[in-house]
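Asker: In terms of full-length UniProt numbering, the sequence shown is residues 1 to 365. Pasting a structure below so you can have a look.
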Amino acid sequence: MLLATLHMLKQHGVHKIGILTYNISDKYTLDPNITHYQMRDFFRFKSEEGLLRFVAHAQKHTHFYLIGADVMDGYYSRAETIAKIELARVAALCGLKTTLLGFSFNANPDEACVNALKTFPDHVNVNARDPVSHRRLSKHLGRNILFSADLAFLLPPDTSRSAVRNLVDQLLSLKREGRILVGINVSYLILGKAPTLANIDSLLAQVRSTLLEIATLKQNISFVLIPHDLRGPMNDRVLSERLAAGLEGQLGKNQIVHLAEPLNSAETKAVCAQLDAAFTCRMHFGIACLSQGVPIAAIGYQGKFEGLMELFGLEGLLLPDAIRLDLDAFSTVLRRLIENRLELQTIVRSKLDAVYRLAANNFSS
1 MLLATLHMLK
11 QHGVHKIGIL
21 TYNISDKYTL
31 DPNITHYQMR
41 DFFRFKSEEG
51 LLRFVAHAQK
61 HTHFYLIGAD
71 VMDGYYSRAE
81 TIAKIELARV
91 AALCGLKTTL
101 LGFSFNANPD
111 EACVNALKTF
121 PDHVNVNARD
131 PVSHRRLSKH
141 LGRNILFSAD
151 LAFLLPPDTS
161 RSAVRNLVDQ
171 LLSLKREGRI
181 LVGINVSYLI
191 LGKAPTLANI
201 DSLLAQVRST
211 LLEIATLKQN
221 ISFVLIPHDL
231 RGPMNDRVLS
241 ERLAAGLEGQ
251 LGKNQIVHLA
261 EPLNSAETKA
271 VCAQLDAAFT
281 CRMHFGIACL
291 SQGVPIAAIG
301 YQGKFEGLME
311 LFGLEGLLLP
321 DAIRLDLDAF
331 STVLRRLIEN
341 RLELQTIVRS
351 KLDAVYRLAA
361 NNFSS
């Protein structure tokens with residue numbers, strides 16, 4: 001989302017940019033025209049010195065953008081969310097044109113975070129990134145909420161690295177052989193804040209069982225395992241490797257493709273463009289697919305997937321709960337996705353222009 005924001009600001013002719021970071025060592029870009037401002041002491045401890053330092057930084061800029069993502073409802077951390085809201089409020093008081101870029105909002109937001117959001121002056125732009133979040137925010141805040149789409153839709157795909165081009169060529173070769181390419185992304189996120197190893201084992205077993213069942217019915221399917229987030233000890237790559245290990249020996253060479261090459265968000269989009277359909281546990285992997293016209297099925301989490309699926313008319317391909325995941329329901333949804341992929345591709349592609357315009361609405365100011 002940060003990369004998409006930087007891309008759009010540069011498209012609008014903005015070249016003097018400052019990024020607020022948690023640590024002095026954080027460098028999100030090597031662009032010499034972009035300054036990094038360390039704000040860890042304020043984010044973590046609400047230090048007065050940190051706030052004064054932010055005010056000094058703010059004097060050098062005319063606009064302030066807060067990337068709301070999925071944190072503004074306080075699900076991950078009430079304290080950090082309120083600290084971010086406070087910085088945006090101070091930026092507005094300092095005279096900066098202030099915008100909360102499109103974010104999702106779950107059905108049970110933290111009350112303190114809701115109250116903090118209500119402190120914004122009316123001239124602060126608040127963007128909801130999907131229709132469900134828009135309805136929730138309008139209800140909770142009682143103010144004008146702008147309707148946008150996720151910033152990630154604005155990030156262009158990137159095939160500049162030879163490793164990425166090789167992956168694309170590999171997938172294109174399989175398509176020329178008449179194979180149906182189905183992307184698979186598995187993540188622990190859908191299991192809640194503190195998933196147990198037993199939860200993860202159960203999820204992997206259910207995915208493995210369903211993929212084997214479908215591969216038996218349709219021999220020309222290639223499952224493409226694509227990790228998307230590599231942070232933490234139980235990241236997507238770890239789960240992808242475990243899933244691949246459980247499938248190898250059961251599936252033929254071309255029935256499973258495990259993409260071990262680390263990809264950034266723009267490179268993931270380039271790879272996803274070659275897929276026929278995809279199943280995802282991560283919303284931004286889903287967006288990488290949808291932005292390239294590829295339909296998805298998904299498992300919801302934190303109440304933030306419903307709005308994305310509504311944008312594309314794919315509500316029937318969303319499984320609401322991983323903890324109580326029903327194996328038959330999972331199999332049914334995945335088979336429906338694959339069998340109806342051509343019709344679903346047409347539906348997704350018919351929505352893209354409107355979604356791109358919604359995403360651009362984040363920067364209408």
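Quick reminder that beta carbons are idealized off the backbone N, C-alpha and C, glycines included. This structure is a prediction, so every number in the text was calculated from the model and none was measured.
1. Near G178, which residues of its chain fall below 7 Å by C-beta distance, leaving aside the five closest residues on each side in sequence?
2. In angstroms, rounded to a whole number, what distance separates the CA positions of M39 and L87?
3. In terms of residues, what are the limits of the alpha helix (DSSP H) holding I82?
4. Note down the Cα distance separating G74 from Q302, rounded to an integer number of angstroms.
5. In whole angstroms, what is the alpha-carbon distance linking P195 and Q59?
6. Check the DSSP bridge columns for K97 and list the partner residues they point to.
7. Whether or not the region 160-178 and the region 246-266 are in contact is what I'm after, with contact meaning three or more pairs of Cβ atoms, one per stretch, closer than 8 Å; do they touch?
8. Looking at the structure shown, is residue 434 part of a helix, part of a strand, or coil, going by DSSP?
9. Per DSSP, T35 is paired with what?
10. Does DSSP classify S133 as helix, strand or coil?
11. Within the same chain, show all residues whose beta-carbon is closer than 7 Å to that of A320, passing over the 5 residues directly before and after it, in chain order.
12. Answer with buried or exposed for N127, where buried requires no fewer than 16 other C-beta atoms within 10 angstroms of its C-beta.
13. In chain order, what residues of the same chain have a beta carbon less than 6 Å from the beta carbon of E306, not counting five sequence neighbours either side?
14. Quick one: which unbroken beta strand (DSSP E) runs of 3-plus residues sit fully inside the region 221-304? Chain order, please.
15. Where L259 and P227 are concerned, what is the direct C-alpha to C-alpha distance, given to the nearest angstrom?
16. Which of helix, strand or coil does DSSP assign to N127?
17. Assuming V182 is part of the beta strand (DSSP E), what are its boundary residues?
18. Please name the residue in L311, T346 and K304 whose C-alpha comes closest to that of G293.
19. Given a cut-off of 8 Å, decide if L290 and V348 are closer than it, judged by their beta-carbon atoms.
20. In terms of residues, what are the limits of the alpha helix (DSSP H) holding K351?
21. Of all the options Y76, E49 and G18, which has the alpha carbon lying nearest to the alpha carbon of A66?
22. Classify G68 as buried or exposed, calling it buried when 16 or more other Cβ atoms lie within 10 Å of its own Cβ.
23. Report the residue from N185, L203 and L251 whose alpha carbon sits nearest the alpha carbon of E213.
24. Rounded to a whole number of angstroms, what is the C-alpha to C-alpha distance between C281 and G316?
25. Report buried or exposed for G50, applying the criterion of at least 16 other Cβ atoms within 10 angstroms of its Cβ.
26. Which residues in the same chain as R78 place their Cβ atom closer than 8 Å to its Cβ, once the five residues preceding and following it in sequence are excluded?
27. In the DSSP output, what is F147 paired with across the bridge?
28. Please state whether DSSP places L155 in a helix, a strand or coil.
29. Let me check understanding here. Comparing Cα to Cα, which of F43, V55 and R242 lies closest to E80?
30. Could you spell out where the alpha helix (DSSP H) holding K118 opens and where it closes?
31. Considering Q11, what are the terminal residues of the alpha helix (DSSP H) in which it resides?
32. Could you check where the alpha helix (DSSP H) with S162 kicks off and where it finishes?
33. For residue 386, which of helix, strand or coil comes out of DSSP?
34. Applying the 10 Å Cβ sphere with the 16-neighbour rule, what's the burial state of I85?
35. Closest by CA to R89, which one among N108, E339 and A116?
36. Can you find the residues in the same chain that come closer than 7 Å, C-beta to C-beta, to L334, ignoring five residues on each side of it along the sequence?
Answerer: According to the structure shown:
1. As a first step, residue 178 must be located in the sequence shown, where it is residue number 178. N220.
2. Sequence index remark: in the sequence shown, residue 39 carries index 39 (1-based). Sequence index remark: in the sequence shown, residue 87 carries index 87 (1-based). M39 and L87: Cα-Cα distance of roughly 10 Å.
3. For the purposes of this step, residue 82 is identified with residue 82 of the sequence shown, where counting begins at 1. Looking at the DSSP string, the run of the alpha helix (DSSP H) that includes I82 is R78 to L93.
4. Counting from one through the sequence shown, the residue named residue 74 turns up at place 74. Counting from one through the sequence shown, the residue named residue 302 turns up at place 302. Cα-Cα distance, rounded: 11 Å.
5. Looking up residue 195 in the sequence shown gives position 195. Looking up residue 59 in the sequence shown gives position 59. Cα to Cα, the separation comes out at about 44 Å.
6. Locating residue 97 in the sequence shown gives position 97, where the first residue counts as 1. The partner list for K97 (beta bridge, DSSP) reads H63.
7. yes
8. Any answer about residue 434 is impossible in this case: the structure gives the chain only from 1 up to 365.
9. Start at 1 with the first residue of the sequence shown, and residue 35 comes out as number 35. Answer by DSSP bridge pairing, in chain order: G18.
10. As a first step, residue 133 is located in the sequence shown; it is residue number 133 there, counting from the start. Looking at S133 - three-state DSSP - the assignment turns out to be helix.
11. Your numbering for residue 320 matches position 320 in the sequence shown. The amino acid occupying residue 320 in the given sequence is Pro; Ala does not appear at that position. Answer for P320: G300, listed in chain order.
12. As a working note, residue 127 is residue 127 in the sequence shown. Result: buried.
13. The count along the sequence shown starts at 1 and reaches residue 306 at position 306. If we look at E306 and ignore the five residues flanking it on each side, its Cβ neighbours are V132.
14. Restricted to the region 221-304, the beta strand (DSSP E) segments that are unbroken, complete and at least 3 residues in length are 221-225, 256-258, 277-280 and 296-299, listed in chain order.
15. On the sequence shown, residue 259 is found 259 positions in, with the first residue counted as 1. On the sequence shown, residue 227 is found 227 positions in, with the first residue counted as 1. Roughly 8 Å separates the two Cα atoms.
16. In the sequence shown, residue 127 corresponds to position 127, counting from 1. Looking at N127 - three-state DSSP - the assignment turns out to be strand.
17. Stepping through the sequence shown from its first residue, residue 182 is reached at position 182. Where V182 is concerned, the enclosing beta strand (DSSP E) stretches over I180 to N185.
18. Taking the first residue of the sequence shown as position 1, residue 293 is located at position 293. The residue with the shortest Cα to Cα distance from G293 is T346.
19. Reading the sequence shown from its first residue, position 348 is the one you call residue 348. Reading the sequence shown from its first residue, position 290 is the one you call residue 290. Yes. Within cutoff.
20. Along the sequence shown, one-based indexing puts residue 351 at 351. R341 to A360 is the extent of the alpha helix (DSSP H) around K351.
21. Numbered from its first residue, the sequence shown carries residue 66 at position 66. In the sequence as presented, Ala is not what sits at residue 66; that position holds Leu. Nearest of Y76, E49 and G18 to L66, Cα basis: G18.
22. Within the sequence shown, numbered from 1, the residue matching residue 68 stands at position 68. The residue in question, G68, is buried, as its Cβ has 16 or more Cβ neighbours within 10 Å.
23. Start at 1 with the first residue of the sequence shown, and residue 213 comes out as number 213. Comparing Cα-Cα distances from E213 to each of N185, L203 and L251, the minimum goes to L251.
24. In the sequence shown, counting from the first residue as 1, residue 281 sits at position 281. In the sequence shown, counting from the first residue as 1, residue 316 sits at position 316. When rounded, the separation of the alpha-carbon atoms in C281 and G316 is 16 Å.
25. The residue given as residue 50 occupies position 50 in the sequence shown. Flag for G50 reads buried.
26. By 1-based counting over the sequence shown, the position of residue 78 is 78. Hits under 8 Å: D110, A112 and C113.
27. On the sequence shown, position 147 is the one that residue 147 refers to. F147 is bridged to A128.
28. Along the sequence shown, read from residue 1 onward, the residue named residue 155 stands at position 155. Residue state, collapsed to three classes: coil.
29. Taking the first residue of the sequence shown as position 1, residue 80 is located at position 80. E80 has its Cα closest to that of F43, out of F43, V55 and R242.
30. Translated into positions along the sequence shown, residue 118 becomes position 118. No alpha helix (DSSP H) contains K118, which DSSP labels as neither H nor E.
31. Translated into the one-based positions of the sequence shown, residue 11 becomes position 11. Its alpha helix (DSSP H) spans residues L2 to Q11.
32. Here residue 162 is taken as the residue at index 162 of the sequence shown, counted from 1. Start and end: S162 to R176.
33. Because the chain is modelled from 1 through 365, residue 386 falls outside the range shown and cannot be assessed.
34. Working through the sequence shown from its first residue, we reach residue 85 at position 85. So I85 counts as buried.
35. For the purposes of this step, residue 89 is identified with residue 89 of the sequence shown, where counting begins at 1. Closest by alpha carbon: A116.
36. Here residue 334 refers to the residue found at position 334 of the sequence shown. So the qualifying residues of the chain are T210, I214, F279 and A297.
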